[in-house]
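**Student:** Those sequence lines, one after another, are chains X, E and D.
The first sequence maps to residues 0 to 212 in numbering that gives the first Met the number 0.
The second sequence maps to residues 0 to 252 in numbering that gives the first Met the number 0.
The third sequence maps to residues 0 to 245 in numbering that gives the first Met the number 0.
C-beta atoms are modelled at their ideal positions from N, C-alpha and C, and glycine is treated no differently.
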Amino acid sequence: MGPKFRRKLVLPGDLVSTGHYFMGYGLYKVNRKVYAKRIGIVELSEVSGKKVIEVVPIKGVYIPKEGDLVIGKVIDIGIGHWLIDINSPYTAVLPLSELFPRPIDVSRVDLTEHLNVGDLIVARVIAFDLTRDPLLTLKESKLGKVTRGSLLELTPSYLKELIKYKKDLVKLINERYGCNLVIGENGRMVIMGKDVSQEIEAIKLIKSLSRGK
Amino acid sequence: MLKRGERLDGRKLDQVREISIETNFIEKAEGSALVRIGKTMVVAGVKLSLGSPFPDAPDKGVIIVNTELIPIASPVFEPGPPGEEDVEIARVVDRGIRSSNALDLSKLSIIPGKRCWIVYVDIYALNHDGNLMDACALAAVSALLTAKKKRVSVEGDSIKIVEEEEPLPMKDRPVFITIGKIGDNLIVDPNYEEELIMDSRITFAITEDGKISAIQKGEAGYLTCEEVINASELAFRISKEIRKLLPALPKVS
Amino acid sequence: MEKPSLLTPEGLRLDGRKFDELRPLKIEVGILDNADGSAYLEQGGNKVIVAVYGPRELHPKHLSLPNRALIRTRYHMTPFSVEERKNPAPSRREIELSKVIREALEPSIFVNEYPRTAIDIFIEVLQADGGTRCASITAASVALADAGIPLRDLVAAVAVGKVEGRLVLDLNHLEDQYGEGDMPVAMMPVLNAVTLLQADGLFTPREFKEGLELAKKGIMEVYKVQREALRKRYARLIKGARSLEE
């Protein structure tokens, strides 16, 4: 029996299918019936040859996953680490070793010169298992402190739609405004251009897409 | 284990722990009761004072029920003002007594609109081993059933308190039965350990003639409609047994 | 004060309703900008607004639960919501209702998905006309869905009462005050789960069973209004998402 609500809007408690698909995100099962857990859109996809049904939520907080690219904001400096706000109920930790490959003397080095409260970083989540705070790394190319640019926040679920067309969007923004666009999984993106006015135009375009004009 | 009809303490699913009720042991109070259900222990005291009736019930007396789950009773109770658990028990016990008119408030008016008896029922938990609700209710009702108040004579606007004592105007003996749900099983009178693992609970206050005078579902789980009906039937049946342990209704002179 | 007669000779209620008729119910979703989820509800003279914040970080940290979200609920009536001004300090009734409302909503929430966080539900009764706890639960459930919080189902609630010997659905203030019984019920219809059940007054075993059936009927109607309100709000938002593909 096929899904009754393909590409349709579902609410929590809506019956989505009676059992011939693998359950993906946003669903739960009682006996053989599969129900939606969130307000969202039902999607059918194939993962390793299996037909998977899932609900893409329209709203919701960002829960980090290992491997996610995120855009974080430094909110505090601790002993041996920075605390990073990644737009999630879970505050992330960036250890000192991510910025300093060799051990340093904390009393001699002013950490704020390297990464201060309010700075933005593009990082990757390397560990998160719900019992501890998420751990971030900068040790990859294209990761690091954002030296200039503008930050834009959108709901993560909306972002999931955007990410499908990520390559096109990045290309579009680059061609039209000469800006680099980095899209994080955590509902944030950074637009980096040569000057602020171009960044503002780029942001306007992205916002208009999200409002569906 | 529950599926076999056994509980950790050896009881059957519908078996209540041993109950003991001791009344009138605090001489300074007009009424008092010490109740034990298994290891759960609760004390209730009844005090009377003269006061003014509520404006929307000028010809009735007033009953005020208060409950405190004090640190004496358990390491999980912290000192401080009454919390949501204390308030819940007090209000459910109050409703069960009030709705059944167990204490006939119309007989506690002295000068309608001006003066009446205020009956304070204060319940204190002394040892928490589960099912404080039923223990508190049992203590409150037992204390009320055996309380003694002074008579009053009214001459014009003045009230004279006579030394002669009489019982409170009690017309019913509501019994409260709490049923816990663990998985698909309904267990009567959950003890502390059972309360820690139960999904939800439901309390029924049943009057002498088998009517319901209060219901309270508690805890963050749920019951199916069928379980609710089954629980109510358990409550009806068991309340009859428990009522035999209560003091008798005082005789009206 | 003389007790008014609550039923007309034809068996209709003072406001013209039949025994199994709900008051007009209206729900608006997402009206508060700062809250993660919100809803405004009107039912008869009841006016209730609910804001949901969360899941969010819990401060102080020692209150947090290691493997699930902490649900906190505050039910409060504004001083001007009732005939005689009510003292704004939380009353014992508000304390009890905050607890039972939380316990009515929590079973619907997948709390294990957000360990160490808090989900806060704030309910403010702007005007009260009987059945405010049921109205609050109904509105709060919609606000939780609006916040994107994973739910088993919506929770819908209604109060059944006894008026001059008859069971009636959705008590208003007068019927609650002068009637012989009041039984608020909340359910998650999909799971046939009762999450709130209280009673006050005298009910025979039969009245209790019939009352539950009557409540179920009312709950299904409330549930319908909740779902329509959410669909209406979100259908607009999807239109926006769809255009991305163009």
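For chain D, find out if any of its Cβ atoms is closer than 9 Å to the Cβ of residue 224 of chain E; answer yes or no.
**Tutor:** Yes, contact with chain D.
**Student:** Using the Cβ count rule (16 or more neighbours within 10 Å means buried), how would you classify residue 187 of chain D?
**Tutor:** By the neighbour-count rule (16 or more Cβ atoms within 10 Å), residue 187 of chain D is buried.
**Student:** Beta-carbon of residue 56 of chain D versus every beta-carbon of chain X: anything under 9 Å?
**Tutor:** Residue 56 of chain D counts as touching chain X.
**Student:** Going by beta carbon distance, what residues of the same chain come within less than 6 Å of residue 201 of chain X, once the five residues before and after it are set aside?
**Tutor:** Around residue 201 of chain X: 172, 176, 178 and 190.
**Student:** So, helix, strand or coil for residue 240 of chain D, using DSSP?
**Tutor:** Because residue 240 of chain D sits at a pLDDT of 47, beneath the cut-off of 50, its placement in the model cannot be relied upon, and the following sentence gives the value as read from the coordinates. If DSSP states are grouped into helix, strand and coil, residue 240 of chain D belongs with the helices.
**Student:** Mind checking whether residue 176 of chain E and residue 120 of chain E have CB atoms under 9 Å apart?
**Tutor:** Their beta carbons are not under 9 Å apart, which means residue 176 of chain E does not touch residue 120 of chain E by this criterion.
**Student:** Please confirm whether residue 184 of chain D and residue 159 of chain D have their CB atoms less than 9 Å apart.
**Tutor:** In this structure, residue 159 of chain D lies closer than 9 Å to residue 184 of chain D by Cβ.
**Student:** In the DSSP assignment, find the unbroken alpha helix (DSSP H) run with residue 80 of chain X in it and report its ends.
**Tutor:** No alpha helix (DSSP H) holds residue 80 of chain X; the beta strand (DSSP E) holding it covers 80-84.
**Student:** For the putative contact between residue 20 of chain X and residue 52 of chain X, defined by C-beta atoms under 8 Å, what is the C-beta separation to the nearest angstrom?
**Tutor:** The Cβ separation is near 4 Å, so the contact holds.
**Student:** Quick one: what's got a C-beta closer than 7 Å to residue 240 of chain D's C-beta in the same chain, skipping five residues either side?
**Tutor:** Reliability of the predicted coordinates at residue 240 of chain D is poor, the pLDDT of 47 falling under 50, and the value obtained from them is presented with this limitation in mind. Counting only Cβ-Cβ distances below 7 Å, and skipping sequence neighbours, we find nothing.
**Student:** Within 10 Å of its beta-carbon, does residue 198 of chain X have 16 or more other beta-carbons around it, so buried, or fewer, so exposed?
**Tutor:** When all chains shown are included, residue 198 of chain X counts as buried.
**Student:** Are the C-beta atoms of residue 120 of chain X and some chain B residue less than 9 Å apart?
**Tutor:** Protein chains X, E and D are contained in the structure displayed, whereas chain B is not.
**Student:** Per DSSP, residue 42 of chain D forms a beta bridge with which residues?
**Tutor:** Per DSSP, D/24 and D/45.
**Student:** Could you name the residues of chain E that residue 207 of chain D contacts, counting a contact when the two beta carbons are closer than 7 Å?
**Tutor:** Chain E residues near residue 207 of chain D: 211 and 231.
**Student:** Using a Cβ cut-off of 8 Å, pull out every chain D residue sitting near residue 227 of chain E, in sequence order please.
**Tutor:** Residues of chain D passing the Cβ test: 193, 196 and 211.
**Student:** To the nearest whole angstrom, what separates the beta carbons of residue 171 of chain D and residue 128 of chain D, a pair I think is in contact under 8 Å?
**Tutor:** 6 Å between Cβ atoms; contact.
**Student:** Check whether the segment 227-246 of chain E touches the segment 174-194 of chain E, counting contact only when three or more Cβ pairs, one atom from each stretch, lie closer than 8 Å.
**Tutor:** Touching, per the Cβ criterion.
**Student:** Does the Cβ-Cβ distance between residue 124 of chain D and residue 182 of chain D come in under 9 Å?
**Tutor:** No, Cβ-Cβ distance for residue 124 of chain D and residue 182 of chain D is not below 9 Å.
**Student:** Report back the beta-carbon spacing between residue 74 of chain X and residue 151 of chain X to the nearest angstrom; my notes put them in contact at under 8 Å.
**Tutor:** Rounded, the Cβ-Cβ distance is 19 Å, inconsistent with contact.
**Student:** Do residue 118 of chain D and residue 108 of chain D have their C-beta atoms within less than 9 Å of each other?
**Tutor:** Yes; because the gap between Cβ atoms is below 9 Å, this pair is in contact.
**Student:** Assign residue 169 of chain E to one of two classes, buried (16 or more other C-beta atoms within 10 Å of its C-beta) or exposed (fewer than that).
**Tutor:** The residue is buried, with at least 16 neighbouring Cβ atoms inside 10 Å.
**Student:** Quick one, are the C-beta atoms of residue 6 of chain E and residue 226 of chain E less than 9 Å apart?
**Tutor:** For residue 6 of chain E and residue 226 of chain E, no; Cβs fall outside 9 Å.
**Student:** Got a sec? Which residues, its chain only, sit under 8 Å from residue 53 of chain E by beta carbon, not counting five neighbours each side?
**Tutor:** Here the set comprises 59 and 61.
**Student:** Can the beta-carbon of residue 190 of chain E be found closer than 9 Å to that of residue 3 of chain E?
**Tutor:** Cβ atoms of residue 190 of chain E and residue 3 of chain E: not closer than 9 Å.
**Student:** Which residue from D/45, D/53, D/105 and D/115 puts its Cα closest to that of residue 81 of chain D?
**Tutor:** Comparing Cα-Cα distances from residue 81 of chain D to each of D/45, D/53, D/105 and D/115, the minimum goes to D/45.
**Student:** Does residue 65 of chain D get closer than 9 Å to chain X when you measure Cβ to Cβ?
**Tutor:** Taking Cβ atoms only, chain X reaches closer than 9 Å to residue 65 of chain D, which makes this a yes.
**Student:** What does residue 72 of chain X pair with, by DSSP beta-bridge criteria?
**Tutor:** X/84 and X/119.
**Student:** How far does the beta strand (DSSP E) with residue 104 of chain D in it extend, from its first residue to its last?
**Tutor:** No beta strand (DSSP E) holds residue 104 of chain D; the alpha helix (DSSP H) holding it covers 91-104.
**Student:** With 9 Å set as the bound, which would you pick, yes or no: does the beta-carbon of residue 97 of chain D sit closer than that to a beta-carbon of chain E?
**Tutor:** True, the Cβ-Cβ gap to chain E drops below 9 Å.
**Student:** Give, in chain order, every unbroken run of the beta strand (DSSP E) that is at least 3 residues long and sits entirely within the segment 30-77 of chain E.
**Tutor:** You should have 30-36, 39-50 and 61-67.
**Student:** Short of 8 Å in beta carbon distance, which residues of its chain neighbour residue 118 of chain X, apart from the five on each side in sequence? Order them along the chain.
**Tutor:** For residue 118 of chain X, where only same-chain residues beyond five positions count, the Cβ hits under 8 Å are 72, 73, 144 and 145.
**Student:** For a test of the three-state rule: what should DSSP assign to residue 215 of chain E, helix, strand or coil?
**Tutor:** Of the three classes helix, strand and coil, the one that applies to residue 215 of chain E here is strand, per DSSP.
**Student:** For residue 133 of chain D, which of helix, strand or coil comes out of DSSP?
**Tutor:** Residue 133 of chain D falls in the helix class under three-state DSSP.
**Student:** Measuring CB to CB, does residue 120 of chain D end up less than 9 Å from residue 68 of chain D?
**Tutor:** The answer is no: Cβ separation not under 9 Å.
**Student:** For a contact defined as C-beta to C-beta under 7 Å, what are the partners of residue 116 of chain D on chain X?
**Tutor:** Simply 88.
**Student:** Are the beta-carbon atoms of residue 92 of chain X and residue 134 of chain X separated by less than 9 Å?
**Tutor:** Yes.
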